[in-house]
Amino acid sequence: MIEPIMQVENVTRRFGSNVTEVVAVHDVSLRILPGEVVLIMGPSGSGKTTLLSMLGGLLRPSNGRIQIGKDDLTQLDESRLPDVRLRHIGFIFQDFNLLSALSCLDNVALVGQLNGMTRKEARLRAQDLLEQLGLAHRLRFLPEKLSGGEKQRVAGMSP
Ligand SMILES: Nc1ncnc2c1ncn2[C@@H]1O[C@H](COP(=O)(O)OP(=O)(O)OP(=O)(O)O)[C@@H](O)[C@H]1O
Ligand SMILES: [Mg+2]
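In structure tokens form, the structure reads like this:
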């Protein structure tokens, strides 16, 4: 049997309390298999961003479990979450969140360095990835000089 890479069980997230309480996500369960592409759709305010923030280890559920590989995100100490995000999660934020002072190459190489590669190894790997994405001619550019689609591709390879 193929092991899921992510298992979500009965996840609920509330904000506020008493009269101002909002149940942003109510009792969501799902499994994601390796290589699977999952789209989350729903009207504005239906809880998509709240759910994604929890799946990415940026926000804790009020109830339920989120398992990534062997790690149960909901049991892990707050201080362990950055490491889980580094190893398992890639976010492409709507406004990209690239580091504006670093070139495209260095934005991407930073992930490898945080993962223990030397600067040289990380830059070679970053160059390879960016070349595969058709950005060989933009390696030394700062993010502000890129088009929206180019920024999106760099962000997809960055922390
Ligand atoms: N930090 C917060 N404090 C209080 N309520 C919140 C908070 N974040 C989200 N909510 C509420 O939770 C509900 C879900 O919000 P969420 O941002 O997850 O929706 P969404 O599906 O991403 O919407 P959109 O399509 O507009 O981006 C909304 O009613 C919102 O007002
Ligand atoms: Mg949203």
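When we follow the working numbering, the leftmost residue of the sequence shown carries the number 7, and every step to the right adds one.
Every residue, glycine too, gets a C-beta built ideally from N, C-alpha and C.
A quick note: this is a predicted structure, and the numbers were derived from the prediction, not measured.
inquiry  = Helix, strand or coil for residue 86? Go by DSSP, reduced to three states.
reply    = If you number the sequence shown from 1, residue 86 lands on position 80. Here residue 86 sits in helix by DSSP.
message = Please state the DSSP three-state secondary structure of residue 117.
response = Residue mapping note: residue 117 aligns to position 111 of the sequence shown, counting from 1. Note: residue 117 maps to helix in three-state DSSP.
query = Any heavy atom of ligand 1 within a distance shorter than 7 Å of the CB on residue 21?
reply = As a working note, residue 21 is residue 15 in the sequence shown. Correct: residue 21 has its Cβ closer than 7 Å to ligand 1.
message = Check whether the stretch 122 to 130 and the stretch 74 to 89 touch, using three or more Cβ-Cβ pairs below 8 Å as the test.
response = no
key: Euclidean distance between Cα positions of residue 139 and residue 159   = Here residue 139 refers to the residue found at position 133 when the sequence shown is read from its first residue. Here residue 159 refers to the residue found at position 153 when the sequence shown is read from its first residue. Spanning the two alpha carbons is a distance of roughly 7 Å.
ask   = In its own chain, which residues sit with a C-beta less than 7 Å from the C-beta of residue 62, not counting the 5 before and 5 after it?
value = Residue 62 sits at position 56 when you count from the first residue of the sequence shown. The residues are 91, 95, 97.
request  = Report back the beta-carbon spacing between residue 47 and residue 17 to the nearest angstrom; my notes put them in contact at under 8 Å.
outcome  = The residue labelled residue 47 in the question sits at position 41 within the sequence shown. The residue labelled residue 17 in the question sits at position 11 within the sequence shown. Not really, about 17 Å apart at Cβ, beyond 8 Å.
request  = Express the C-alpha separation of residue 15 and residue 28 in angstroms, rounding to a whole number.
outcome  = The residue given as residue 28 occupies position 22 in the sequence shown. The residue given as residue 15 occupies position 9 in the sequence shown. Distance between the alpha carbons of residue 28 and residue 15: 20 Å.
query = Is the closest heavy atom of ligand 1 to the C-beta of residue 41 under 7 Å?
reply = Sequence index remark: in the sequence shown, residue 41 carries index 35 (1-based). Flag unset: Cβ of residue 41 not near ligand 1.
task = Report the option in 34, 72, 41 whose CA atom is closest to the CA atom of residue 54.
result = Position 48 of the sequence shown, counted from the start, is the residue given in the question as residue 54. When only C-alpha atoms are compared, the closest one is 34.
query = Measuring from the CB of residue 55, is there a heavy atom of ligand 1 at a distance below 7 Å?
reply = Along the sequence shown, one-based indexing puts residue 55 at 49. For ligand 1, at least one heavy atom lies less than 7 Å from the Cβ of residue 55.
message = Pop quiz: residue 38 and residue 31 are said to be a contact at Cβ under 8 Å. What is the actual Cβ separation, rounded to whole angstroms?
response = Locating residue 38 in the sequence shown gives position 32, counting from the first residue. Locating residue 31 in the sequence shown gives position 25, counting from the first residue. Not quite, the Cβ-Cβ distance comes to about 16 Å (not below 8 Å), so this is no contact.
query = Is it buried or exposed for residue 118, if we count other Cβ within 10 angstroms and need 16 for buried?
reply = Walking along the sequence shown from the start, residue 118 turns up at place 112. Classification for residue 118: buried.
request  = Take the Cβ of residue 67 as the centre, count every other Cβ of all protein chains shown within 10 Å, and call the residue buried at 16 or more, exposed below.
outcome  = Counting from one through the sequence shown, the residue named residue 67 turns up at place 61. Looking at its Cβ environment, which holds 16 or more other Cβ atoms inside 10 Å, residue 67 is buried.
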